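Residue numbers (this note's numbering): 1 to 316.
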């Protein structure tokens, strides 16, 4: 009997420890260190910058001014990274901080492609990640969209930025930031949301292969998340945020093989967005959807070209 009690205690203890560790990635996630910079990776000059979100949180990143031959003021594209990433992407090299089952994503090649096309580029760390300040638990865009609003305010104040030609592309959490921000700004003139998701749906899909154990683990993670100050997961749905959304042309991207996200949910977001279209590439993994957009910058450049105007003119 003593062994049985010990065994049950151990199982319950491991369960609680696992739930607490999982919730930590949302309540107080680890940070990925920057592994390069635009000059070292692509020979691009850049400014190390910081700016405040509307609620006072300080965000840090890089501003890559458009090539010298580009007419000023120049159009600008913002790249918003995903959950647990930094401005460079997802290193996937730390078991304690990485998302289990994720893959490496490099955003610098995408930034370089935008820069070569004549755009200025803003890369920054969302609150709580990279080098940006922390502000409470991660909320999948509910609070983080303020970071995008801060980026827009900062860009509009620069004389070398064309305030009427600012676009953004966001991956995962970055995509959610875009969706949550659409009802709060008209400064964003074109946007691409790559695999945005509802947090409760993502967790349910992620745990689905583990059956009852997965459901119990997901429930326990949610409890610890709430205890850590997080909101009810069911409330974090970008669909709710689209009421009153501006008529910003928005491209939704969702890989067909994403078992953690949902094509149907993204199509619902697309239908609820005033001016929207969808791109649904065939993929085999959620992270393949991110890397598809990085590997094919012509897809996003074509969209931005249609809605921000033709490619920037060159100064002779």
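Each residue gets a CB set at the ideal place from its N, CA and C atoms; glycine is no exception. It should be emphasised that the depicted structure is a prediction, and the values quoted were computed from it without experimental measurement.
Rounded to whole angstroms, the gap between the alpha carbons of residue 278 and residue 14 is 42 Å.
Within 10 angstroms of the beta-carbon of residue 210 lie fewer than 16 other beta-carbons, which makes it exposed. Shown here, residue 309 sits in coil according to DSSP, grouped into three states, outside any helix or strand. When DSSP states are grouped into helix, strand and coil, residue 212 belongs to the helix group. The count of Cβ pairs closer than 8 Å, one atom from the region 122-139 and one from the region 81-88, reaches three, so the stretches are in contact.
Secondary structure remark: continuous alpha helix (DSSP H) runs of at least 4 residues inside the region 160-186, in chain order: 173-181.
Inclusion of residue 266 and residue 248 in the CB contact set at 8 Å is not warranted, their separation being larger than that value. Assignment of beta-bridge partners to residue 278 by DSSP yields 252. Selection 159, 272, 217 evaluated against residue 71 yields 159 as nearest (Cα-Cα). Rounded to the nearest whole angstrom, the CA to CA distance from residue 185 to residue 241 is 12 Å.
The beta-carbon separation of residue 61 and residue 122, rounded to 6 Å, stays under the 8 Å limit for a contact.
Residue 263 sits away from residue 290, with the two beta carbons spaced by 8 Å or more. Annotation for residue 197: 261 place their beta carbon closer than 6 Å to its own, counting only its chain and skipping 5 residues before and after. With contacts defined by Cβ atoms closer than 8 Å, residue 272 and residue 183 do not form a contacting pair.
Counting along the chain, no alpha helix (DSSP H) covers residue 122; the unbroken beta strand (DSSP E) around it starts and ends at 120-124. With a cutoff of 8 Å on beta-carbon distance, residue 192 and residue 300 are scored as near each other. Proximity of the region 102-120 to the region 229-244 falls short of the contact definition, fewer than three beta-carbon pairs being nearer than 8 Å. Residue 303 carries a helical assignment under DSSP once its states are collapsed to helix, strand and coil. Restricted to the region 67-155, the alpha helix (DSSP H) segments that are unbroken, complete and at least 4 residues in length are 108-116, listed in chain order. Residue nearest to residue 201 within the set 233, 293, 91, 99 is 233 (criterion: CA-CA distance). When the alpha-carbon of residue 66 is set against those of 47, 55, 58, the nearest one is in 47. The three-state secondary structure of residue 58, taken from DSSP, is strand. The distance from the Cβ of residue 22 to that of residue 64 is about 36 Å, inconsistent with a contact at the 8 Å cut-off. Shown here for residue 208: same chain residues with a beta carbon closer than 7 Å to its own, the five before and five after excluded, namely 214 in chain order.
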